[in-house]
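Data first, discussion second: the structure below is written as structure tokens.
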Amino acid sequence: MTNGWVDMKNTDMMLIMGGNPAENHPCGFKWPIEAKRTRGAKMISVDPRFTRTSAVADLFCQIRAGTDIAFLGGVIRYALENNCIAKDYLVNFTNAAFIVRSDFKLPADTDGVFSGLNAATQSYDRSTWNYAGAGGGAHPDSVATYAPGQAAHGANPPAPTLPEKVEYDLTLQNPNCVFQLLKKHYSRYTPEMVERITGIPKEQFLKAAELYTSIRKDGDMKKAGTIIYAVGWTQHTFGTQIIRTAAILQLLLGNVGRAGGGVNALRGHSNIQGATDMAGLFDNLPGYLKVPTPADASLEAWMKRITPTASKPASWDSFNYYSNTPKFAVSYLKALYGDAATKQNSWAFDYLPKVDRNYSWVQMWDDMYNGTVKGMLAFGMNGVAIGPDSKKNIDALKKADFLVVGEIYPDETSEFWKSPGITKDEMKQIQTTVYRLPCAGFAEKDGSFTNSARWVLWKNTALPTPGDCRVDQAIVAQIFLKIRELYKKDSGKFPDPILNLTWNYSVPSSPPLAEVLKEINGKALADLEDPATKQQIKAGQQLPGFAWLKDDGTTSCGNWIYSGSFTEAGNQTARRDPSDPSGLGLHLGWGWSWPANRRVLYNRASCDVDGKPWDPTRKQVWWNEGQQKWVGNDVPDFKVDSKPKDHMGPFIMNPEGVGRLFAPLAAFADGPFSEFYEPIESPIDNPLHPQQTHNPVVKRFKTPDDKYGTPKDGYTVVCTTYRLTELYHYWTKNNPMNVQLVPEPFVEIAAEMAQEMGLTGGEKVKVTSIRGEYIAKAMVTKRIKPMMIDGKKVYQIGIPIHQGYRGIAEDEGKDARTLVNLLTPTVFDPNAYTPEFKGFLVKLEKA
Amino acid sequence: MSEHADQILPHGRVLRYPFGERLNHWIAAFSYIYLLLTGLAFWSPWLFWIAVLMGGGQISRTLHPWAGLIFFYAVARMHGYWSAQMKNTEVDKQWWRSISHYVQNEDDKMPPAGRYNAGQKALFWSFFYAAIVLLLTGIVLWFPEWIPWNLRWLRYISVFLHPVAALFTIANFLIHIYMSAFAERGAFGSVIHGDVTLHFAKRYHPAWYDEIVRRANAPRK
Amino acid sequence: MSQETLRIQKISGHAGSVPGEDTQRQYTVCKLIDTTTCIGCKACEVACMEWNDLPFGETVFDNSYQTMPETRWNYWNLILFNEHEREDGSLMWLMRKNQCMHCAEPGCLAACPSDGAIVQYTNGIVDFQQDKCIGCGYCITGCPFNIPKFNKETKRVYKCTLCTDRVSQGLEPACIKSCPTGCLHFGSKDDMKYLAEQRAKQLRDHYNFPKAGVYDPPGVGGTGVIYVLHDASQPELYGGLPKDPRIPLSVKLWKGPLKWLGNIAMVGGLIGLFAHYLRYGPKEREEEAKEPHEGAQP
Amino acid sequence: MASSRRDFLKIGAVGGTAAAVFGFDLKPAFAQLRELKIERANETRSTCPYCAVGCGTIIYTIGDRAKNVTAQVVHVEGDPDHPTNRGTLCPKGSSLQQEIMNDRRLLKPLVRRPGGTEWEDISWDDAISEIARRVKKTRDETFVEKDAAGHTVNRLESIAWIGGCTDTNEFNYLVVKAMHALGVVHLENQARV
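Chains as they are written, first to last, in the numbering used here: chain A, 106 to 952; chain B, 6 to 226; chain C, 35 to 332; chain D, 14 to 206.
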């Protein structure tokens, strides 16, 4: 989230799409409701079915799953056509005025793809996706993308670079400026086209577009609108591009950085935000540093590749905060390897594994299926149930040597070897050793969670673990220490990183988490002094924040964005001051928020060019002429002493300093603008360009378990999966209170469709995709309606995901003991590598 | 020797109620009294102490319907024993017309009553029909949780009719007690010993007396 | 504990005066349920179950998001889900939290024969005292909202207590506290009435619900649970919320006129019979009865 | 004969009944207010482990943290001070008490041997030692020090870590740290899906 949960109470308009917060984030949803109650805000819900969110929305549009780009593209077009855009914001805070290279081509001109597609490798040569300008070569691209499959095992081609001095046209008239390209690109998303693709009747769409853009009617900047989404957007083969479209719309309307505005991702789990921050994903190091590739032959090469330099109109300023990347990286290496990381060995750079191909979730199961991955450690992660294509995951586990599961309840993954359909004889053939270790529940351990609003909140231990359970950190520490002991005793491959890893916790076999947080925050390894303020920090002291980090080995920091979370003043994430003097819901004294405890990102953009808030009733930060610095109710997300007349861009993490309507070069794998493509399994050809139906860079897997259905095979019904508020993932099926609320799995089916099938509510129905089948009772409802898609009648169904083959109801034999993810396809978004759980094809019959 | 009704006994007595009928009467009586007491406890807060006396509200509530079943069983038996004798006759109509004489103990001015006078017949039928109403409404009240919400009118009717029918029986019951225990000497003994004196028969049921005497004097076969 | 007697204003099946009647300053508590912001998340259902330690009950899928068809003895708080199409074709998914309404004139209490089994505190909470419940089920009949539910094992009746244990300690009821969207609100009746009317006005003026209004039925003297409805003219749409709930007529007749008539009749009857005995005596004097009998001797 | 306490209670009950006969029910005819079940329970501030709203919760445990008490959770409710949830909880958060005190919890380490059809008990020491040996063996067999082009890669492609949604930041950090030291690159998390 760019903003925060409580901040939503400041909004005037909400577009909730690809998410169902009433269902999945009820307690956060109080703030949208609060906005309705206290500000008279309006809420638009766009969803494949009428949800709990829709029940309290002011306008509902039923959209075909996976067509969100078409809808948002249509709204962008509407905003441009009807002058509902933030002109000053656009010119000064975005790259609207930047001029793009003349050889860049839009899909309208190149058969539905952007310029540079190599159809054979299914990848783009992105060198034309660049600004026109002088002094190129200064900035190497900061983002690598990892294609699925085996690594190229070769040197990366020299990365194309952004120009240092970008050409621009503040009148926005140049036909090759971003604004004009944007206008041209989205002009194809007419209300008629939106209707053909999404199934939303034109009048209904226009109502929604008119309502949402009404906050910027005639360019008036007082009001703010927010876009709220969740995995309904991310779980697509174009998921990142949907979010891009939303970001473009929000930049057009000048909503980013403002109270009650922003692009707000609602994360679905208590700490996947923290897991991402801490780099629990293969392509990151903590704090979103990009992992080194084999081609990064040295620390310097790696740093040169991932440290951007500014790229902007010559007269503007750009903070380009990522220019500090080397400080973050070296401090991280010092945290990992302590005294073993020296200037001589490039701070133990070689210890870091180098990555040049995709190792993400779906690829990982494919690698296990194909024999590369032999062992898996799954802690609190039910990989079989989560899918996609649970059968492939089960088949993969059958081929593994060992599986270690840390759980608090019996789960599908640890019992894959006795999943339904496996006979005793087949079981005897499965050679996988499975260890199932009893872990601690949330109440039995302390530590911090980072919520969706980036608030890092400490929790306390309420009681000890039951039975023989151990806290997770103890289990991992003990396994690691045992491995280290083995490497100490007998030699093995490359033991150095294992032997040299810092592990200086007071109880090494169960590291106290507060000590770990101190390590993450970072400390001075030598006496430091701030040259400007003369403030001093002694060696060994906790750092007050990431501004103190150094690239000379005098600081260590486990995660630069968390620097400031555990200072000399103590554990900042445990702070409990609920006060909120500004009334904007910032609560700066409650817990701690990364980065630097600021609560709304890009909040400099809440002011006009002169540093005055767009809306004086919602003052976040402002330029104080007397003090000659930025001050405010929030922590300014800006260089505090940068005068407005210096024209520094508010988007300080971008080398341009401004928001990217056009995302240049390798920022994205599949286009600098978003373009509508159909899901991999779609009922129709893409009405925009039938010859290019799908995202051209999405690759399919090739094992016998990887199958993809088409309408020709009889799979004509669009199916989407989702959660219910009563249940939590595959977890609460062990909790009687929650099972009582939803005792059995079900499939939501439109009344018209049920009538055609002769199906009544409560009867069992079999849903079949090309990969598997799922049996559950039918919920016949008016809340899903048949849709006219490109002149064709299309039905959608929806299936909640929560049941499996281990749980209270499952163990009592009360359901069919199948997993929804037996149905879902093994394809993923080329940018975020998130699988396409939403919008695949199935057929239905009575069971 | 087995007993049979209207058997003439030694010492100028006649068997009015054989053992089975007497027993049945007292089953009805005791169950009714239990029902009456517990029912009154539920009827008015001022009488709820009766339920406490009877073992507490819970026990009273639990046993009341069972007692009701017993009572209804006894009433049904009575119907089997006596319904034939309880048919209204021309004499009964005259009897009702002369009710004021009866009330003033001017029984000599009454038409001759048979084995049962019209008042007794009325009592019988009153209890019989009231018992049916009490049973039906009682079953509804017994199992309120079994009555679905859309049939709630059954409960609404029952909560009203049950006490109405009960009050009706109470009125009859009071008269019955008064007549049998206070007004008509010897009546009470008839449901204990089963027999009455011939004087009693003649005094209160002249037509019946004539019938007995006629039968007794008839030539023996 | 003795203080508590002063907090009671009505007692079921009770003879004599009520210890707390009109002896306390009144602070009537009230739940406000704004159905227009209810998302049917069932947090209140679970909070109720959890706080009151209500045991697990089997449920079955019934073509609805609704947990079960109606409340149970061990499930006091149930959200009712109803799909409703408006005249303009748009769909509404109406959700209403159903629980004891804590009527000012409670039908259950009126119908209950057991002394103290149902009480109403001065703060308006209608509370069942299971130790005094005799299991007659009259409260089920007396309630126009289908709330009290019978437990076949204990033979007693149970329902929402409005968390008397919490409220008496200065806490809000468990359901209120849990409600994520704030569609549940708790406070004094006057304050809740005010908030409800404000919200209804906002719905009428700003959100295209011209018939929005507040449900506080006068037929039962007003309730300790009030609703804001999108369409106050059709409360039935919300899972059969009665438009004009009243204590059933037969219960009123039974507990009112019939009671007086019956009492008068019974007492009158007794007196009448006694008077008759005094005036006329037995039909036969003792000496009369002892006269030697004439007539047939077998 | 000494009168036991039980007898005394019986006598009391009889006395009560006797008194009631005369219309005096000695038992007061007013409500027995239920006692607050958390009145003396211990409060621990925590965070809900489910979605990313990160609601503050208060976990109520019996016992006053004295040494001789094994704490039991009697109730969980929202933390009213927490700015985001302000005391509210959703249906999952409201049932957290049962999530913690749940008889389906796994309580001991188990192992399923190759070809096995049942779980077998295993001690913690054996489990950890076996796992460590397997990791080392697999690592030693498959560790890639240089790729085909001769670049140093120092990666381990044969072991995967998948992390859960409720792992704390600190645990995630420890895992990433340990896994990076091993060279693990198949490092994924619920965050991806």
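Heads up, the beta-carbon is just placed ideally off N, CA and C, and yes, glycines get one too.
Proximity test, Cβ basis, 8 Å: residue i and chain A
i, result
"R10(D)", "In the structure as shown, chain D begins at 14 and stops at 206. Residue 10(D) is therefore absent and cannot be evaluated."
"N182(D)", "yes"
"N202(D)", "yes"
For residue i, the residue or residues it bridges with in DSSP
i, result
"Q507(A)", "The question names Gln, but residue 507(A) is Phe in the sequence shown. Paired residues: G480(A), T538(A)."
"P905(A)", "Y827(A)"
"D134(D)", "L123(D)"
"V726(A)", "G737(A)"
"Y474(A)", "None; Y474(A) has no bridge partner."
"G731(A)", "In DSSP, G731(A) forms no bridge with anything."
"Q641(A)", "E634(A)"
Neighbour-count burial assignment, residue i, 16 or more Cβ in a 10 Å radius
i, result
"D216(A)", "exposed"
"D250(C)", "buried"
"K322(A)", "exposed"
"E318(C)", "buried"
"I757(A)", "buried"
"V108(B)", "exposed"
"I104(B)", "exposed"
"Q331(C)", "The predicted position of Q331(C) is uncertain, since its pLDDT is 38 and thus under 50; a value taken from the coordinates is nonetheless stated next. Flag for Q331(C) reads exposed."
"L693(A)", "buried"
"D20(D)", "In this prediction, D20(D) has a pLDDT of 38, which is less than 50 and means its spatial position is unreliable; nothing more can be read from the coordinates."
"I305(C)", "exposed"
"W71(B)", "exposed"
"D97(B)", "buried"
Proximity test, Cβ basis, 8 Å: residue i and chain C
i, result
"S275(B)", "There is no way to answer for residue 275(B), as the model of chain B reaches only from 6 to 226."
"Q128(D)", "The residue asked about is misnamed: residue 128(D) is Gly in this sequence, not Gln. For G128(D), the answer is no, since every Cβ of chain C falls outside 8 Å of its Cβ."
"M884(A)", "yes"
"W128(B)", "The sequence shown places Leu at residue 128(B), rather than the Trp named in the question. Output row for L128(B): interface = no."
CB contact check: residue i to chain D, cutoff 8 Å
i, result
"E318(C)", "no"
"P153(A)", "no"
"H130(A)", "yes"
8 Å Cβ cutoff, residue i in contact with chain B
i, result
"K245(C)", "no"
Please name the residues in the stretch 519–545 of chain A whose beta-carbon is closer than 9 Å to at least one beta-carbon of chain D, in chain order. Against chain D - using a Cβ distance shorter than 9 Å - the residues of the stretch 519–545 of chain A are S519, E520, W522, K523, K529, M532, K533, Q534, I535, Q536, T537, T538, V539, Y540, R541, L542, P543, C544.
When you compare the stretch 590–606 of chain A with the stretch 188–199 of chain D, are there three or more beta-carbon pairs, one atom per stretch, that lie closer than 8 Å? yes
Between the stretch 92–115 of chain D and chain C, which residues of the former have CB atoms less than 9 Å from a CB of the latter, in chain order? Here the close residues are P93, N98, R99, G100, T101, L102, C103, P104, K105, G106, S107, S108, L109, Q110, Q111.
Members of the stretch 152–183 of chain C near chain D, C-beta cut-off 7 Å: V153, D161, Q163, D165
Check distances from the C-beta atoms of the stretch 255–285 of chain C to those of chain B and list, in chain order, the residues that come in under 8 Å. P282, L283, S284, V285
Between the stretch 883–893 of chain A and the stretch 159–179 of chain A, do three or more beta carbon pairs fall short of 8 Å? yes
Which residues, in order along the stretch 64–94 of chain C, keep a beta-carbon less than 8 Å from a beta-carbon of chain A? Those residues of the stretch 64–94 of chain C that come within reach of chain A (Cβ to Cβ, closer than 8 Å) are T70, T71, C72, I73, G74, C75, K76, A77, E79, V80, M83, E84, F90, G91, E92, T93, V94.
Identify each residue in the stretch 843–866 of chain A for which the Cβ-Cβ distance to at least one residue of chain C is less than 7 Å, and report them in chain order. Q845, L846, P848, E849, F851, G866
Looking at C-beta atoms only, is the number of pairs between the stretch 62–76 of chain C and the stretch 126–141 of chain A that lie closer than 8 Å three or more? yes
When the Cβ atoms of the stretch 342–360 of chain A are set against those of the stretch 147–155 of chain D, are three or more pairs found closer than 8 Å? No: the two stretches stay apart, fewer than three of their Cβ pairs being nearer than 8 Å.
Quick check: the stretch 331–340 of chain A against the stretch 284–299 of chain A, are there 3 or more CB pairs under 8 Å? no
Would the stretch 446–457 of chain A count as touching the stretch 671–691 of chain A if we require 3 or more Cβ pairs under 8 Å? Output reads no: the stretch 671–691 of chain A does not touch the stretch 446–457 of chain A.
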